[in-house]
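First the structure, in the form of structure tokens, and then the observations on it.
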Amino acid sequence: MGKILHAEFTNGPDAVIVVSDFGSRMVVWDLSSGRRVEIRDPKFVTRGWGFRKGGVCALLSRPGPQDVVTMHAGGSWVVLRTVVVPTVDAQGVKWSLDGRWWVVWDAASAGFKVYIYTLDGNLYRTYAGDGGDGSLGLGIKSVEWSPRGDYLAIGSFDKRVTLLSTRTFSPIVYLDHTASIQLVSGAVWQEQVSATSRTYTPAAQPISPPSIPSSATEFPPKLGISIMAFSPDGSMLATRDDAHPTTVWLWDLTKMAPKAVLLQYSSIKSIQWHPACAGLLLIICNPADSEPVLHIWETLDDGASPPQIITLPKGAFATKSSGPSKLDARWLPKWSDKIPGIFVGDSQNSLLVWPEGKE
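When the sequence shown is numbered by UniProt numbering, its final residue is 359 and no position is left out of the sequence of numbers.
The structure is reproduced here in structure tokens:
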């Protein structure tokens, strides 16, 4: 099938999605039977599909002049339904966690537009921003559903998260990521790194976090909300604006206000909540030096305490000539002893980390 560009498990452990070179086709391999199903014309190589509870997969493709979402049955991957969506250049499809809704959103060049569909593929509502026609704002960069199914979060290029109520799919609050941070309540923690230490100190407010300039001719611009992560109980939301890549905003959704802010030393790669331990947040940064570290933040104390910094063993990950090794990390699945553990790895090595000890 040619060079493999991307591979990942489906929503279960018995099947793997593989996308070949040029993204012209996707192959789903059943690991238990060896059976394969080929799907033509996926729109993207690493995204553009999502799974509903029960195994139904929504896949975004473009076999012709229009974007199409096909629904595939779990296991057999038989096409259950085909929906032609009214997008100019759809950027993704995502199910709500309760499986009642799915959304598809358009590219920023087509305006601010997200289309909300019912389970059976009927268009329920189009949300087009403040102007109602998608002409206002810089467009949509990311979309996330809350775990409780009460909010649809839309991250846009204009440094804002819009929370839509899923009762009406109308906005209830705008979470703006300001260039100058001044919290009414809550702490701002800044990571300090020297030759001998790495720690957090409280930052005096107001404070302006480091920013990346974006060229007027660059598209898409280096700004906007690219990372949004709801806590498992849906009470908090952690976000990152690409214009300030070292800054994590923690939002209290019971108050619809910032709870705390982190200013990291290096740019943030990912933000992950522990699936079982309430309020435990894992932050992975792109290392600016050769020292691999993890940042674990206990957020239930209103951000009054800074994250724990875990320095990984020296030599565990090789430093390449081009710079530090590119690490990735994931929380381990729920264990019976409920001791949080982290899998850390790069292209060559891996290790397990228990922040609180294994015993």
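All C-beta atoms in this analysis are idealised placements derived from N, C-alpha and C, irrespective of residue type, glycine included.
8 Å contact criterion, which residue i and residue j should meet: CB distance rounded
i, j, result
"V110", "F157", "It should be noted that the sequence gives Ala, not Val, for residue 110. So it is not a contact: roughly 13 Å between Cβ atoms."
"T247", "P287", "Not really, about 17 Å apart at Cβ, beyond 8 Å."
"residue 369", "P355", "Outside the shown range of the chain (1 to 359) lies residue 369, about which nothing can therefore be said."
"L294", "L312", "7 Å"
"W102", "A73", "Their Cβ separation, rounded to whole angstroms, is 15 Å, which puts W102 and A73 out of contact at 8 Å."
"W145", "S96", "5 Å"
"S211", "H244", "5 Å"
Nearest-angstrom Cα separation, counted from residue j out to residue i
i, j, result
"G54", "D98", "10 Å"
"G139", "Q264", "27 Å"
"I207", "T201", "13 Å"
"T168", "F343", "40 Å"
"V188", "M71", "44 Å"
"S197", "G137", "43 Å"
"F51", "L119", "12 Å"
"L250", "G34", "44 Å"
"residue 360", "P306", "This structure gives no information on residue 360, because the portion of the chain shown stretches from 1 to 359."
"L262", "D41", "41 Å"
"T126", "P292", "44 Å"
"V28", "I227", "28 Å"
"A260", "Q190", "11 Å"
"D150", "T166", "5 Å"
"P213", "K222", "8 Å"
"P86", "I17", "27 Å"
"Y117", "S76", "24 Å"
"R160", "L253", "15 Å"
"L80", "D67", "17 Å"
"R36", "A15", "9 Å"
"R47", "E8", "10 Å"
"F112", "L152", "15 Å"
"S180", "D301", "24 Å"
"I268", "G303", "18 Å"
"K326", "D346", "6 Å"
"R240", "D106", "21 Å"
"Y115", "L175", "21 Å"
"V353", "T199", "20 Å"
"G129", "P171", "9 Å"
"V78", "R100", "20 Å"
"T82", "A238", "34 Å"
"C277", "W331", "11 Å"
"I310", "D242", "25 Å"
Below-8 Å beta-carbon distance, residue i vs any chain D residue
i, result
"I284", "Going by chain labels, chain D is absent from the structure shown, which holds only one protein chain."
Per-residue burial, residue i [other beta carbons within 10 Å of its own, 16 or more giving buried]
i, result
"Q91", "buried"
"N349", "exposed"
"P65", "exposed"
"G131", "exposed"
"Q205", "exposed"
"L123", "exposed"
"P256", "In the sequence under discussion, the amino acid at residue 256 is Met, which differs from the Pro named in the question. Per the 10 Å Cβ criterion, exposed."
"T10", "buried"
"L282", "buried"
"S322", "Note that S322 scores 48 on pLDDT, short of 50, meaning its location in the model is unreliable; the coordinates nonetheless yield the value given after this. By the neighbour-count rule (16 or more Cβ atoms within 10 Å), S322 is not buried but exposed."
"G224", "buried"
"I4", "exposed"
"S135", "exposed"
"A229", "buried"
"P275", "exposed"
"F22", "exposed"
"S315", "The residue asked about is misnamed: residue 315 is Gly in this sequence, not Ser. Looking at its Cβ environment, which holds fewer than 16 other Cβ atoms inside 10 Å, G315 is exposed."
"V104", "buried"
"S142", "buried"
"V56", "buried"
"K338", "exposed"
Beta-carbon proximity check, residue i vs residue j, cutoff 8 Å
i, j, result
"V88", "V69", "no"
"I39", "R25", "yes"
"L163", "V173", "yes"
"W273", "P333", "no"
"P258", "G155", "no"
"M236", "T178", "no"
"G234", "P147", "yes"
"V45", "V84", "no"
"residue 370", "W49", "Since the displayed the chain opens at 1 and closes at 359, residue 370 lies outside it and no answer follows."
"I271", "A329", "no"
Proximity test, residue i beta-carbon vs the ligand ATP heavy atom, cut-off 7 Å
i, result
"L59", "The ligand content of the structure shown is nil, which means the ligand ATP is not present either."
Length-filtered (3 minimum) beta strand (DSSP E) runs lying within the stretch 204-292
List check, beta strand (DSSP E) in window: 225-230, 236-241, 247-252, 257-263, 268-273, 280-285.
What runs of the beta strand (DSSP E), each 3 residues or longer, lie entirely inside the stretch 46-118?
Here the runs fully enclosed are 49-51, 57-61, 68-72, 79-84, 90-95, 101-106, 114-118.
Taking only runs of the alpha helix (DSSP H) that begin and end inside the stretch 117-183, which ones reach a length of at least 4 residues, in chain order?
Counting only runs of 4 or more, we get nothing.
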